[in-house]
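Numbering (the working numbering), first residue to last: 4 to 231.
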Amino acid sequence: MKKLLSLYKSRNIHYMTYFDSEYPYMLKEIYNPPLCLFYIGNKTLLERPALAVVGARDASLEAFHSINMILPGLIKENIVIVSGLAKGTDTIAHERAIANGGKTIAILGGGFFHLYPSENKELANVIAREHLLLSEYPPLWKPEKWYFPMRNRIISGLSIGTLVIQAKKRSGSLITADMALESGREVFAIPGPITETLSEGTNHLIQQGAKLVTNSSDILEELQLDMF
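Below, the structure written as structure tokens:
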């Protein structure tokens, strides 16, 4: 155990448990909160209001433009952008948050020593240095397929709302939206053309009562950030 803790320390890996005072109170409100969180980076970001931004892994250029248009207004209000470091929408959300001078938290579906996807290692390094990497899985654990739906509850659980950019009718993004609703959090969705499969999920969410978003004000008004 001492060797393991020494290894963690040498890699700037820290951890907190459910019973620690620094554990995010937002996570304590969800079903099945993680008992332990491993992290690298600035843990004080967990104290700030956050918005989850999720969507398709095969996101189109339209997703990039939508995120690039909406994030600056949120970042101006000191909202932290939370996502899952996956390909597509997650990557765009993290990168545009950083490019616009904001802060971001990446929730991993495995341990820090087995970063997935591998092409996001440099992005993960930037987040670890200047933002926050977070995982409920010990650093030595390799990612497994079923870990990713589980980590979605952390993405939505840390956030006061979840914004879905693009999503197919059956997707992990809709799972995240469902988890947000189960925790009493707001769900937002950007509408898309009815001819596009990547619009099926978001348009369905809007039909079911998610707030239609066309700009950052649509989100800020709903969240009533003066509460924070």
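Idealized CB from N, CA, C, for every residue including glycine.
On a predicted model such as this, the values are computed, not experimentally measured, just so you know.
Please classify residue i: does DSSP put it in a helix, a strand, or coil?
i    : result
M4   : coil
Y140 : coil
H97  : helix
E225 : helix
L88  : coil
M230 : Because the pLDDT of M230 is 44, which lies under 50, any placement of that residue in the model is unreliable, and the number read from its coordinates should be weighed accordingly. Helix.
A213 : coil
T165 : strand
T20  : strand
N74  : First, the residue type needs correcting, since residue 74 is Leu and not Asn in the sequence shown. Helix, per DSSP.
Y42  : strand
E203 : helix
E50  : helix
A66  : helix
E189 : strand
A59  : coil
S220 : helix
Is residue j closer than 8 Å to residue i when the C-beta atoms are compared?
i    : j    : result
G114 : P142 : yes
L88  : N128 : no
T92  : Q169 : yes
S63  : L208 : no
R156 : N35  : yes
L161 : L30  : yes
V167 : V57  : yes
T165 : I130 : no
A59  : K172 : no
L54  : I197 : no
E203 : K214 : no
H117 : K145 : yes
Counting only the same chain and skipping the five closest in sequence on each side, list residues whose C-beta sits under 8 Å from that of residue i.
i    : result
G187 : E32
S220 : G76
M19  : E25, Y26, C39, L40, Y42, K46
N218 : M72, I73, G76
L223 : G76, L77, E80
R132 : G44
P37  : Y21, L30, E139, I157
Whose C-beta lies closer than 6 Å to the C-beta of residue i among residues of the same chain, with five residues either side of it excluded?
i    : result
E49  : Inspection of the sequence shows that residue 49 is occupied by Leu rather than by Glu. So the list reads P27, once near-sequence residues are dropped.
F231 : With a pLDDT of 45 at F231, under the threshold of 50, the predicted position of this residue should be treated as unreliable, though the coordinate-derived value follows. The answer, listed in chain order, is P52.
D229 : Note on D229: pLDDT 42, under 50, position unreliable in the model; the coordinate value appears next. Excluding positions up to five away in sequence, the list is empty.
H17  : Y42
Tell me which residues share the same chain as residue i and place their Cβ nearer than 7 Å to its Cβ, disregarding the 5 neighbours each side in the sequence.
i    : result
Y150 : G112, G113, Y140
A96  : V56, I70, I84, S86
M182 : N155, R156, S159
Does any residue of chain B have a CB that is nearer than 8 Å to the CB of residue i?
i    : result
I197 : Here there is only one protein chain, and chain B is not present.
Q: Taking 8 Å as the threshold, find out whether the region 167 to 182 comes into contact with the region 133 to 142 through three or more Cβ pairs.
A: no
Q: Please confirm if the region 101 to 119 is in contact with the region 60 to 69, defined as three or more CB-CB distances below 8 Å between the two stretches.
A: no
(Q) With a threshold of 8 Å, are at least 3 pairs of Cβ atoms found where one atom belongs to the region 79 to 86 and the other to the region 189 to 199? (A) no
Q: Any chance you could list the beta strand (DSSP E) runs of at least 3 consecutive residues sitting entirely within the region 107 to 159, in chain order?
A: 107 to 110, 135 to 138
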